[in-house]
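Enquirer:
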Amino acid sequence: MPLITVPETRHAAFPLHAHLIPADCPPSGHTHAWRVRLPEGADTVRLSHLLDTAVAPWWPEATARPTLWSEPVPAAAGSTIADRRLRAELHRPLGTGQAPLRVVLLAYADGRADLILVAHRGFLDAASLRHVADVLLDRAPAERHAPPASARLAPADAELRKAWSVAEFAGRVEWAAGDSSAGDRTGVVRQALRDTAADTSGGALAVATGLVLGRYENQDTPVVGALTGHPGRPADALGPDAGTLLALDLSGARSTAELLREAAHTLTATWCDRQTYADLVAESGGRVLAGVLDPVAHPADGPTETYLPCQTAPFPSP
């Protein structure tokens, strides 16, 4: 996609690309976190030095840079007290007016520690959180992950904008909760999906989501939201997520293979800015009821790493 250079939106002197994410939800819906277990503990002085050394060239114009917060926990790692403290840090909101990246070290009584990174998706995506962790743990040099020059993607072309405008945005969400009085109070279900070489973009998940929406909302062209990587950015570069919309044609005119190809293209090569999204919602009188997060960027949890994709659900959007 073509790039056009424009002044960036700033938050605490950092570039914040909130315009890249269409869903108008609370900030917690776009705040995610990454946890790395350090079995041998950590040298806070060295961690702080690595952080300071990295952020200076990454964001040279920033005046309020992230600092390392070291917090002792009077319990062993894996204990009830430690797990409660870890969950609290992963879900702690980013402070208003502060840098959109928080770096915390939880030091446990048994000598182990957890490094926790919390950021807004409009500042750093999931891959970027991993890159920052690699630098702080001395696994990679900071220069390898330098952010690219400030640039904004060109707006959606007329054909894509038209496809979105004629699609069917959703209404109420009570059916998803199985409770007519639920409103937007829905649950969260985590389900591991088997990786397949044929679907590295998450297209199959997006199409499956659209099929469910189409059935329950009685729609031929349901709209599915998606938060995925910033199109065109180098794989090793730090940067934000971008949001887009998928208008799936379930009328029968397209085969499943065609739907999957179109979804893969949409997820990797298009984006919908916040203003376009707001205009579409106003025109349709509906909203985006469900969305998907890029599965490639979100690895499964393990004994030494935990990824929290969002503090609260970004969908359904208001």
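For any residue, its number in the numbering used here is found by taking its place in the sequence shown, counting from 1, and adding 1.
Using N, Cα and C, we set each Cβ at its ideal position, and we do this for glycine too.
1) Would you kindly check if the distance between the Cβ of V224 and the Cβ of L251 is under 8 Å?
2) Put I117 into one of helix, strand or coil per three-state DSSP.
3) Looking at V119: is its Cβ nearer than 8 Å to the Cβ of L95?
4) Report the rounded CA-to-CA distance for L268 versus D135, giving the unit in angstroms.
5) Answer yes or no: do D115 and L39 have a C-beta to C-beta separation smaller than 8 Å?
6) Hey, out of A55, G215 and P61, whose CA is closest to H146's CA?
7) Which value, in whole angstroms, describes the spacing of the CA atoms of G287 and A171?
8) Would the beta-carbon of L137 fall within 8 Å of that of L52?
9) Quick one: give me the first and last residue of the beta strand (DSSP E) that P73 is part of.
10) Could you name the residues of the same chain whose beta carbon sits closer than 7 Å to that of L309, not counting the 5 residues immediately before and after it, in chain order?
11) Can you tell me which of L48, T307, G204 and R234 puts its alpha carbon nearest to the alpha carbon of R262?
12) By Cβ distance, which residues of its chain are closer than 7 Å to A198, with the 5 residues on each side in sequence left out?
13) Sort V37, A141, R122 and V105 by Cα distance to P315 and report the nearest one.
14) Contact check, V74 vs A207 under 8 Å by CB: the rounded distance?
15) Run through DSSP, which three-state label would W35 get?
16) Cα separation between L21 and Q99?
17) How about L249 and T222: do their beta carbons lie closer than 8 Å?
18) Which residue marks the beginning of the alpha helix (DSSP H) containing V289, and which one marks its end?
19) The beta strand (DSSP E) that contains A248, what's its start and end?
20) Any heavy atom of the ligand COA inside 7 Å of the beta-carbon of V119?
21) Around the C-beta of A254, are 16 or more other C-beta atoms found within 10 angstroms, so that it is buried, or is it exposed?
Expert: Taking the geometry as given:
1) no
2) strand
3) yes
4) 26 Å
5) yes
6) A55
7) 5 Å
8) yes
9) L69 to V74
10) H33, A34 and L91
11) G204
12) Below a pLDDT of 50, predicted positions are generally treated as unreliable, and A198, at 48, falls in that range; the measurement from the model is reported next regardless. Cβ within range, chain order: n/a, list empty.
13) R122
14) The Cβ separation is near 40 Å, so there is no contact.
15) strand
16) 20 Å
17) yes
18) V289 -> no alpha helix (DSSP H), and no H or E assigned at all.
19) D242 to A248
20) The model on display carries no ligand, and the ligand COA is accordingly not part of it.
21) exposed
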